[in-house]
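These protein sequence lines are chains A and B, in that order.
As numbered in this note's numbering, residues 1 to 343 make up the first sequence, in order.
As numbered in this note's numbering, residues 1001 to 1343 make up the second sequence, in order.
This report refers to the structure that appears directly beneath it.
Protein chains: 2
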Amino acid sequence: MKAILLHGPGDVRMEEVPDPRVEQPTDAVVRVVLSCVCGSDLHPYHRRMNPDAPPRPIGHEFLGVVEDVGADVRRFRRGDLVVAADTYCDGTCDFCRAGLHTSCRNGGYWAVKGVGGGQAEAVRVPQADGTLVKLPVPEDSPLLPSLLALADVYPTGYHGALRAGVTAGSTVTVIGDGAVGLFAVAAAKRMGAERIILMGRHKSRTDLGREFGATDVVAERGPEGIAKVRELTDGSPYVIEAVGFVEAYEQALGVVRDGGTISRIGVPQYVDGPVGMPLYRRNVTLTGGVAPVRAYMELLLPDVLSGAVPAGRVFDATVGLAGVADGYRAMDRRESLKVLIRP
Amino acid sequence: MKAILLHGPGDVRMEEVPDPRVEQPTDAVVRVVLSCVCGSDLHPYHRRMNPDAPPRPIGHEFLGVVEDVGADVRRFRRGDLVVAADTYCDGTCDFCRAGLHTSCRNGGYWAVKGVGGGQAEAVRVPQADGTLVKLPVPEDSPLLPSLLALADVYPTGYHGALRAGVTAGSTVTVIGDGAVGLFAVAAAKRMGAERIILMGRHKSRTDLGREFGATDVVAERGPEGIAKVRELTDGSPYVIEAVGFVEAYEQALGVVRDGGTISRIGVPQYVDGPVGMPLYRRNVTLTGGVAPVRAYMELLLPDVLSGAVPAGRVFDATVGLAGVADGYRAMDRRESLKVLIRP
Chain A
1 MKAILLHGPG
11 DVRMEEVPDP
21 RVEQPTDAVV
31 RVVLSCVCGS
41 DLHPYHRRMN
51 PDAPPRPIGH
61 EFLGVVEDVG
71 ADVRRFRRGD
81 LVVAADTYCD
91 GTCDFCRAGL
101 HTSCRNGGYW
111 AVKGVGGGQA
121 EAVRVPQADG
131 TLVKLPVPED
141 SPLLPSLLAL
151 ADVYPTGYHG
161 ALRAGVTAGS
171 TVTVIGDGAV
181 GLFAVAAAKR
191 MGAERIILMG
201 RHKSRTDLGR
211 EFGATDVVAE
221 RGPEGIAKVR
231 ELTDGSPYVI
241 EAVGFVEAYE
251 QALGVVRDGG
261 TISRIGVPQY
271 VDGPVGMPLY
281 RRNVTLTGGV
291 APVRAYMELL
301 LPDVLSGAVP
311 AGRVFDATVG
321 LAGVADGYRA
331 MDRRESLKVL
341 IRP
Chain B
1001 MKAILLHGPG
1011 DVRMEEVPDP
1021 RVEQPTDAVV
1031 RVVLSCVCGS
1041 DLHPYHRRMN
1051 PDAPPRPIGH
1061 EFLGVVEDVG
1071 ADVRRFRRGD
1081 LVVAADTYCD
1091 GTCDFCRAGL
1101 HTSCRNGGYW
1111 AVKGVGGGQA
1121 EAVRVPQADG
1131 TLVKLPVPED
1141 SPLLPSLLAL
1151 ADVYPTGYHG
1161 ALRAGVTAGS
1171 TVTVIGDGAV
1181 GLFAVAAAKR
1191 MGAERIILMG
1201 RHKSRTDLGR
1211 EFGATDVVAE
1221 RGPEGIAKVR
1231 ELTDGSPYVI
1241 EAVGFVEAYE
1251 QALGVVRDGG
1261 TISRIGVPQY
1271 VDGPVGMPLY
1281 RRNVTLTGGV
1291 APVRAYMELL
1301 LPDVLSGAVP
1311 AGRVFDATVG
1321 LAGVADGYRA
1331 MDRRESLKVL
1341 IRP
């Protein structure tokens, strides 16, 4: 089959790889109908790789049709249309039962340790019963792009707002106008936030952010952006950081109100950062983390089916597998918000 | 009057300073009956000072008798026995009403900006109505040392457990066997924690910790200590860090369970530290901060009056003002847990 492989910084290629097959009795094989490029895929896309390392698969968002299942798979069968969570998980361990599927004792990430990526014609899905969610639409439904948002970006935005502890009537600041930031806006609105300030400087994205529920947009960054938010709010009790660079975290520290919460859903591109007195003296809570997407998929499915959240609107370009390299380039240059892949 | 002044690293002296007096209509002047040395006083005691800076007062825990009040003080009068919170605060601003008295819009810290320290014969108390709590005992009550714990260490331990979100039946790990750590143990017990692991290596302190409610003691530190706690708990859902050094924070990262909470009440002696992936990948929440002591004083007063928490037990030495330098040395060498001062 064809799959996308990452060869090095800025170098993704469509190549022929062996077809995936059931290896464990808990596996399924899914033929990919839709996949996409995530903002977080741009991080490895930029990273220098060990030159001796072989090219690696990539992608963690996909939906498709079950082609084969192992002997222990109970919930799915050949022909089911399914969407996968952004990490695989058994759904039964203590962490999964606690809603922390990303810490599953039998779980893991796509595209590493012998598991393929979602940017491919097909994927072996470990722990299929825990990882997949059946979709109640046919394979040719126009809702499919919106449903693909359940694989990562909508639940991740939701995780950000949930962990922040957003309450009805409150003020929330979302840092970052990528897809995850926009879904954080949608999630904050879902939780009843009254004022939602979106910090982002790409007008087409922040315009879409207003459709998702943002009431204010602040285009400035750094000290200017902080001053602007502080004019609007006197400090924001809930801040969702949806970027991942240390500058965005520092911006969150600048806009958060004393006693407030910063919830991070952007993948941190740093290990060390301000964590001592800057949080302590002001009783700021730092929370969030890699979203246990699987915990929220059924909860958010009705929003997508009803159109309450126009999830598919984040896709502004579509490519085949042969066009994925162009898709990465377009997202990297911020010419495209999120690129849909029809393998 | 006599007061303690900090001249430089390891150098505290009793000196003659001007008597405090009412300067603002919201001030009171309190004659100090009992004061003490805090573990956090050891941080400035160690710190290199600007050699041109004048000696500075020190101390933020005291109880005593109101000697004078300004025209706007409504809740107190001459002769009242009172205990002060570890920061002063108006009690009426939006932050105070939200229980975050340490961020009070008219508040501040003792021993800076023209306000004296608690290690003195008397103190000018700004915002007296917001800062002081009346004690329902006479000046010669044997409960006075226990009541002095309300000025900082018991409410600070309580803040740690409250922010951690300790629930009934849960497992809590407390890092640090200083007074604040021991009161964090007491607070966790008050909240119904079933298993309370105290990490500390001073046997007399951890023995007292068992009296306060610890069910297990781990004397090892670093990787060994982490391994020991993980043997006992498979990761602790609630961790209270009551030391303030970055090594203690790293220890907290090591013992906390994925999805768990680290609540810091030790004053961080660092700005930068591990804050990116180490928290994010495991969905660990980092919370706590400088305790809004004033928010909890009335709540915890009955525990002290009834003896349910033997708060005064943390004091294992008593000095006059002339002996304070010896008291600092004893605490610095860990020969004393907490030194009481009778000016």
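From the three backbone atoms N, C-alpha and C, an ideal C-beta is built for every residue, glycine too.
Since we're looking at a predicted model, the values are computed, not measured.
Residue burial classification, residue i (beta-carbon count within 10 angstroms, cutoff 16)
i: His-46 of chain A; result: exposed
i: Ala-1186 of chain B; result: buried
i: Glu-298 of chain A; result: exposed
i: Thr-1167 of chain B; result: exposed
i: Lys-1189 of chain B; result: buried
i: Val-174 of chain A; result: buried
i: Pro-1009 of chain B; result: exposed
i: Asn-50 of chain A; result: exposed
i: Gln-24 of chain A; result: exposed
i: Pro-343 of chain A; result: buried
i: Pro-223 of chain A; result: exposed
i: Pro-1302 of chain B; result: exposed
i: Arg-205 of chain A; result: buried
i: Val-66 of chain A; result: buried
i: Asp-1090 of chain B; result: buried
C-beta contact flag for residue i and residue j at 8 Å
i: Val-1293 of chain B; j: Asp-1129 of chain B; result: no
i: His-1060 of chain B; j: Ala-1111 of chain B; result: yes
i: Tyr-280 of chain A; j: Arg-1264 of chain B; result: yes
i: Gly-64 of chain A; j: Tyr-88 of chain A; result: no
i: Val-1069 of chain B; j: Ala-1028 of chain B; result: yes
i: Ser-1347 of chain B; j: Pro-1237 of chain B; result: Shown here, chain B extends from 1001 to 1343; a query on residue 1347 of chain B therefore has no answer.
i: Leu-100 of chain A; j: Asn-1283 of chain B; result: yes
i: Val-1180 of chain B; j: Val-1032 of chain B; result: no
i: Leu-135 of chain A; j: Leu-208 of chain A; result: no
i: Leu-300 of chain A; j: Pro-155 of chain A; result: yes
i: Lys-1073 of chain B; j: Leu-1147 of chain B; result: The sequence shown places Val at residue 1073 of chain B, rather than the Lys named in the question. No, the Cβ-Cβ distance between Val-1073 of chain B and Leu-1147 of chain B is not below 8 Å.
i: Gly-259 of chain A; j: Ser-1103 of chain B; result: yes
i: Val-309 of chain A; j: Val-153 of chain A; result: no
i: Leu-34 of chain A; j: Leu-305 of chain A; result: no
i: Met-1014 of chain B; j: Ala-1322 of chain B; result: yes
i: Arg-75 of chain A; j: Cys-93 of chain A; result: no
Bridge-paired residues (DSSP) for residue i
i: Thr-173 of chain A; result: A:Ile-197 and A:Val-239
i: Met-1014 of chain B; result: B:Ile-1004
i: Phe-212 of chain A; result: The partner list for Phe-212 of chain A (beta bridge, DSSP) is empty, contrary to what the question assumes.
i: Arg-1221 of chain B; result: DSSP, once it has assigned bridges, lists no residue as partnering Arg-1221 of chain B.
i: Ala-318 of chain A; result: Before going on, a small fix: residue 318 of chain A reads as Thr here, not Ala. According to DSSP, which records beta bridges pairwise, Thr-318 of chain A is partnered with A:Leu-340.
i: Ser-1035 of chain B; result: B:Phe-1062 and B:Ile-1341
i: Ile-1265 of chain B; result: Ile-1265 of chain B is not bridged to any residue.
i: Leu-286 of chain A; result: A:Ile-262 and B:Leu-1286
i: Gly-1273 of chain B; result: A:Gly-273
i: Ala-122 of chain A; result: A:Arg-31
i: Trp-69 of chain A; result: Going by the sequence as given, residue 69 of chain A is Val instead of Trp. According to DSSP, Val-69 of chain A bridges with A:Ala-28.
i: Thr-1417 of chain B; result: The question about residue 1417 of chain B has no answer here: the residues shown for chain B are numbered 1001 through 1343.
i: Pro-1057 of chain B; result: B:Leu-1005
i: Lys-134 of chain A; result: A:Val-82
Closest residue to residue i among the options (Cα-Cα distance)
i: Gly-1203 of chain B; options: B:Leu-1337, B:Ile-1341 and B:Ala-1151; result: Note that residue 1203 of chain B is Lys in the sequence shown here, rather than Gly. Of B:Leu-1337, B:Ile-1341 and B:Ala-1151, the residue nearest in Cα terms is B:Leu-1337.
i: Glu-1250 of chain B; options: B:Pro-1278, B:Asp-1234 and B:Ala-1003; result: B:Pro-1278
i: Ala-330 of chain A; options: A:Arg-342, A:Ala-164, A:Leu-321 and A:Asp-316; result: A:Asp-316
i: Ala-242 of chain A; options: A:Leu-5, A:Ala-291 and A:Gly-320; result: A:Ala-291
i: Thr-285 of chain A; options: A:Cys-93, A:Gly-99 and A:Ile-240; result: A:Ile-240
i: Glu-121 of chain A; options: A:Gly-289, A:Ala-252 and A:Arg-21; result: A:Arg-21
i: Pro-18 of chain A; options: A:Tyr-109, A:Pro-57, A:Ala-71 and A:Gly-235; result: A:Pro-57
i: Phe-183 of chain A; options: A:Gly-157, A:Arg-257 and A:Gly-307; result: A:Gly-157
i: Tyr-328 of chain A; options: A:Val-30, A:Val-32 and A:Cys-36; result: A:Cys-36
i: Ala-1252 of chain B; options: B:Val-1172, B:Glu-1211, B:Arg-1075 and B:Val-1082; result: B:Val-1172
i: Arg-1345 of chain B; options: B:Ala-1295, B:Gly-1116, B:Gly-1266 and B:Leu-1132; result: Here chain B covers residues 1001 to 1343 and nothing more, so residue 1345 of chain B does not appear.
i: Ile-40 of chain A; options: A:His-159, A:Ala-161, A:Gly-178 and A:Leu-34; result: Here residue 40 of chain A turns out to be Ser, not Ile, going by the sequence shown. If we check each option's Cα against that of Ser-40 of chain A, A:Gly-178 comes out closest.
i: Gly-79 of chain A; options: A:Cys-38, A:Val-30, A:Pro-268 and A:Asp-272; result: A:Val-30
i: Gly-116 of chain A; options: A:Thr-92, A:Leu-6 and A:Arg-257; result: A:Leu-6
i: Phe-416 of chain A; options: A:Thr-261, A:Ile-226 and A:Gly-266; result: One cannot answer for residue 416 of chain A here, as it falls past the ends of chain A, which runs 1 to 343.
i: Arg-201 of chain A; options: A:Gly-160, A:Arg-333 and A:Gly-176; result: A:Gly-176
i: Thr-1287 of chain B; options: B:Ala-1311, B:Ile-1262 and B:Gly-1276; result: B:Ile-1262
Partner residues on chain D for residue i, Cβ-Cβ distance less than 8 Å
i: Pro-142 of chain A; result: The chain labelled as chain D is not found among the protein chains of the depicted structure, namely A and B.
Q | At least 3 beta-carbon pairs within less than 8 Å: the stretch 134-154 of chain A vs the stretch 214-234 of chain A | A | no
Q) If we count Cβ pairs, one from each stretch, closer than 8 Å, do we get three or more for the stretch 1184-1199 of chain B versus the stretch 1215-1223 of chain B? A) yes
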